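For reference, the structure is listed below as structure tokens.
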Amino acid sequence: MHRNKNNTNRLYKFYNIMNRYDKKELDNIYNELAEIVNRIDELRDSEGEKFDNLPENLQVSQMGEKLQENTDALCTISDNLSDIMEEITELITSQ
């Protein structure tokens with residue numbers, strides 16, 4: 072019985088060591104995603120500025136609609152990645 076307890080303790084320590092490495096990897100992924108979200112937000116802002124700088128008659132043209140679609144799509148991508156970042160944070164802090 073004593074031997075079983077030692078094996079359980081070793082497995083528990085091994086599991087915790089793996090978790091530290093996994094948490095560090097998740098933290099690295101989180102940071103990479105944060106950089107990507109910032110870049111996407113810059114692109115979204117750029118597309119929005121292009122749209123805002125168009126004369127009104129061009130804002131309702133195909134070009135204006137496409138710029139608006141691009142802005143909306145980039146906003147959705149940014150929001151989705153931010154949601155993933157929140158899930159990563161929850162995963163890291165719940166362990």
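Note that the working numbering has the sequence shown beginning at 72, numbered continuously upward. Cβ coordinates follow ideal geometry from the N, Cα and C atoms, glycine included. The structure presented is a predicted model; accordingly, all values stated were derived computationally and were not measured.
Out of the options, point me to the one whose CA is closest to residue i's CA.
i, options, result
"G119", "Q133, Y92, Q139", "Q139"
"C146", "M134, E161, T160, I107", "I107"
Do you know how far the Cα of residue j is from the Cα of residue i?
i, j, result
"D171", "T142", "Shown here, the chain extends from 72 to 166; a query on residue 171 therefore has no answer."
"A144", "N99", "26 Å"
"S132", "K121", "13 Å"
"I163", "N109", "22 Å"
"S153", "E113", "15 Å"
"G135", "K94", "44 Å"
"L97", "N151", "17 Å"
"L129", "K137", "11 Å"
"Q158", "E127", "The question names Gln, yet the displayed sequence has Glu at residue 158. Looking at the two C-alpha atoms, the distance is approximately 41 Å."
For residue i, which residues in the same chain have their Cβ closer than 6 Å to its Cβ, ignoring the five residues on either side in sequence?
i, result
"D123", "none"
"I111", "L145, I148, S149"
Nearest chain D C-beta to residue i closer than 8 Å, yes or no?
i, result
"L104", "Looking at the structure shown, chain D is missing, and only one protein chain is on hand."
Identify, in the order they occur along the chain, each residue of the same chain with its Cβ nearer than 8 Å to the Cβ of residue i, setting aside the five sequence neighbours on each side.
i, result
"M156", "Y101, L104, A105, V108"
"T160", "Y101"
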